[in-house]
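A.B. asks: Just so you know, the sequence shown maps onto residues 135 to 499 in my numbering. C-beta atoms are modelled at their ideal positions from N, C-alpha and C, and glycine is treated no differently. One structure, as structure tokens, below. Some questions next.
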Amino acid sequence: MALSVVDVLSWPWAKAYTTFSVCLLTRCIYNLYEEAKDPLIQTALVNKLSQNSPDGRTGDDNVNNEELHSTVLWYQATDSFCIWVLVNTLCCFLLLMAKCIQFIVFSDLRMNEKQNLKGKIRNFLFYKFIFLFGVLNVQTERELAMWCVWCSALLFLQLLAQLCKDRFEYLSSSSTTTLASHMRVLSVLMCLFVSSGGLTVICGLLGFSHDMHTLSFMAVECLMVTIYMSHAILRYTIHLYDLICEDSWEDKEVCIYYTDFVMEMGILFLDMMHHIHMLLYGNIWFSVADLIILTHLRFLSQEMQHRLLQHKNYLHIYDVMDMRFSMATMEELASHDDRCAICWEKMYTAYKLPCRHLFHKFPNC
């Protein structure tokens, strides 16, 4: 089903959806303007304004404009149809922005990129449904609309960040990729990073007006998106530095490994704390939502254990290499023309085999 969503969001369908949204918004504004002329509503609003005004004035010329504008805003804030039209307009705007970015930066999506977007959309919608109706137990329509706006912004950032990461892996594996292609994707990542910072500010403003639990839920989601984008930006920076650097960079693989390890563990830890918070928040009786959260917590714990085991094996390899092989001297490096016997890249530090061949200190060359 999620893959059909990705396929449907092509240019023809996006144009049709945009046309529908514009017509819907225009109709909504027109209805609001017409309803603002209703004398009964105007009378009720004028009485309300006269009660709230410090001097009780209701008959000057400026009241009519203020009355009309206040009526329109009042209807926008209270009418259910207008609220969902505004939510739909925001979703349409985000869709158009995403399609423009795709057209300018990414062009046609590859099959694995569509598959990854499919998985991201499917998981996001499923877990947000559980979060809204199984954890928060949203009751009012206005609260549901606000959470839909928030989730739409999060989904927009996550999908573009996932697309940038997939495209980076494709571009970095190709020898014909130009620097301009890299810079376009990196520019999108930087813009997304700044946008996630703006979303964090909005999170603080909205969260403090509710309660600490709501602030915590929103802040963790913003932080996970920010870390995910920081991971992609750091990987891109390492790759571009290696391309620009004239000499061989021996520490590249180590930098990549520890960047991946720290960022992935950070995201897993935050995700686990987030789901533990959801499990403990306001749940007296065990429900289906709790079962789903526990299942995901089990998956996260297994991922963390697997990642820590990989890191332990990685460090063990270094210990074994240090014990079994001695380091080559500068004279020995010069005699071998500073070339690795395995990858033939330039070496600055190397291990020495019993056969006197030299290879890079880092075993993942």
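(1) Would DSSP call TYR485 helix, strand or coil?
(2) Below 8 Å, how does it come out for the stretch 314 to 334 and the stretch 361 to 370: are there three or more Cβ pairs, yes or no?
(3) Can you list, in chain order, the residues of its chain with a C-beta nearer than 8 Å to that of HIS409? Leave out the 5 residues immediately preceding and following it.
(4) Taking DSSP's pairing of strands, which residues face MET461 in a bridge?
(5) Nearest to ASP456 by CA position, among LYS486, GLU303, HIS445, GLN444, is which residue?
(6) Under a Cβ-count criterion, where at least 16 other Cβ atoms within 10 Å of its own Cβ denotes burial, should ASP405 be classed as buried or exposed?
(7) For the candidate residues PHE302, THR348, ALA295, SER306, whose alpha-carbon lies nearest to that of CYS325?
(8) For the candidate residues SER421, THR153, CYS225, GLN292, whose alpha-carbon lies nearest to that of ALA279?
(9) Please report the Cβ distance between PHE290 and ALA232, rounded to the nearest whole angstrom; I am assuming they are in contact, meaning their Cβ atoms lie under 8 Å.
(10) Contact defined as beta carbons within less than 8 Å: I believe VAL219 pairs with LEU158. What is the distance between those atoms, to the nearest angstrom?
(11) Could you give the uninterrupted runs of the alpha helix (DSSP H) lying entirely in the stretch 286 to 329, keeping only those of 4 residues or more?
(12) From TRP383 to LYS299, what does the alpha carbon distance come to, in whole angstroms?
(13) Nearest-angstrom Cα distance between ARG441 and HIS450?
(14) Hey, out of GLN444, THR348, TYR375, whose CA is closest to MET399's CA?
(15) How is the alpha helix (DSSP H) around ILE264 delimited, first residue to last?
(16) Closest to CYS234 by CA distance: which of LEU259, THR153, ASN257, ALA148 is it?
(17) Can you tell me which of the three DSSP states CYS379 falls into?
(18) Just to confirm my understanding: we take GLY338, look at its own chain, exclude 5 residues before and 5 after, and list those with CB closer than 8 Å. What are they?
(19) By how many angstroms is the C-alpha of SER155 removed from the C-alpha of ARG301?
(20) Give me the Cα-Cα distance between LEU293 and MET397, rounded to the nearest whole angstrom.
(21) Does the distance from the CB of LEU270 to the CB of TYR151 come in under 8 Å?
(22) With H, G and I counted as helix, E and B as strand and the rest as coil, what does DSSP make of TRP419?
(23) If you draw a straight line from the alpha carbon of ILE361 to that of ASN165, how long is it in whole angstroms?
C.D. replies: Quick look at the numbers:
(1) Residue 485 sits at position 351 when you count from the first residue of the sequence shown. DSSP places TYR485 in strand when its eight states are reduced to three.
(2) yes
(3) For this step, residue 409 is matched to residue 275 along the sequence shown. Excluding positions up to five away in sequence, the list reads ILE427, HIS430, LEU431, LEU434.
(4) Translated into positions along the sequence shown, residue 461 becomes position 327. TYR485.
(5) Stepping through the sequence shown from its first residue, residue 456 is reached at position 322. Minimum Cα distance to ASP456 is reached at LYS486.
(6) As a working mapping, residue 405 is identified with position 271 in the sequence shown. ASP405 is buried by the Cβ-count criterion.
(7) What you label residue 325 is simply residue 191 of the sequence shown in a count that begins at 1. When only C-alpha atoms are compared, the closest one is ALA295.
(8) In the sequence shown, the residue the question calls residue 279 occupies position 145. Checked all of SER421, THR153, CYS225, GLN292; the closest Cα to ALA279 is CYS225.
(9) As a position in the sequence shown, residue 290 is number 156, starting the count at 1. As a position in the sequence shown, residue 232 is number 98, starting the count at 1. The pair is a contact, with the Cβ atoms about 6 Å apart (cut-off 8 Å).
(10) Here residue 219 refers to the residue found at position 85 when the sequence shown is read from its first residue. Here residue 158 refers to the residue found at position 24 when the sequence shown is read from its first residue. At roughly 6 Å, the Cβ-Cβ gap stays under 8 Å, so VAL219 and LEU158 are in contact.
(11) For the stretch 286 to 329, not a single whole alpha helix (DSSP H) run of length 4 or above is found.
(12) Sequence index remark: in the sequence shown, residue 383 carries index 249 (1-based). Sequence index remark: in the sequence shown, residue 299 carries index 165 (1-based). Looking at the two C-alpha atoms, the distance is approximately 23 Å.
(13) In the sequence shown, counting from the first residue as 1, residue 441 sits at position 307. In the sequence shown, counting from the first residue as 1, residue 450 sits at position 316. Looking at the two C-alpha atoms, the distance is approximately 14 Å.
(14) Start at 1 with the first residue of the sequence shown, and residue 399 comes out as number 265. When each option's Cα is compared against that of MET399, the closest is GLN444.
(15) Taking the sequence shown and counting its residues from 1, the one referred to as residue 264 is at position 130. 245 to 264 is the span of the alpha helix (DSSP H), which, as asked, contains ILE264.
(16) Within the sequence shown, numbered from 1, the residue matching residue 234 stands at position 100. Closest option to CYS234, Cα to Cα, is ALA148.
(17) Here the question's residue 379 lines up with position 245 in the sequence shown. Residue state for CYS379 is assigned as coil, using DSSP reduced to three classes.
(18) Position 204 of the sequence shown, counting from 1, holds the residue named residue 338. The answer, listed in chain order, is LEU349, ALA353.
(19) As a working mapping, residue 301 is identified with position 167 in the sequence shown. As a working mapping, residue 155 is identified with position 21 in the sequence shown. Pairing ARG301 with SER155, the inter-Cα distance amounts to about 31 Å.
(20) To locate residue 293, count along the sequence shown from 1; it is residue 159. To locate residue 397, count along the sequence shown from 1; it is residue 263. Those two C-alpha atoms are separated by around 18 Å.
(21) What you label residue 270 is simply residue 136 of the sequence shown in a count that begins at 1. What you label residue 151 is simply residue 17 of the sequence shown in a count that begins at 1. It is not a contact, given that the beta carbons lie outside the stated cut-off.
(22) Against the sequence shown, residue 419 aligns to sequence position 285. Secondary structure of TRP419 (DSSP, three-state): coil.
(23) What you label residue 361 is simply residue 227 of the sequence shown in a count that begins at 1. What you label residue 165 is simply residue 31 of the sequence shown in a count that begins at 1. Each residue's Cα considered, the two are about 44 Å apart.
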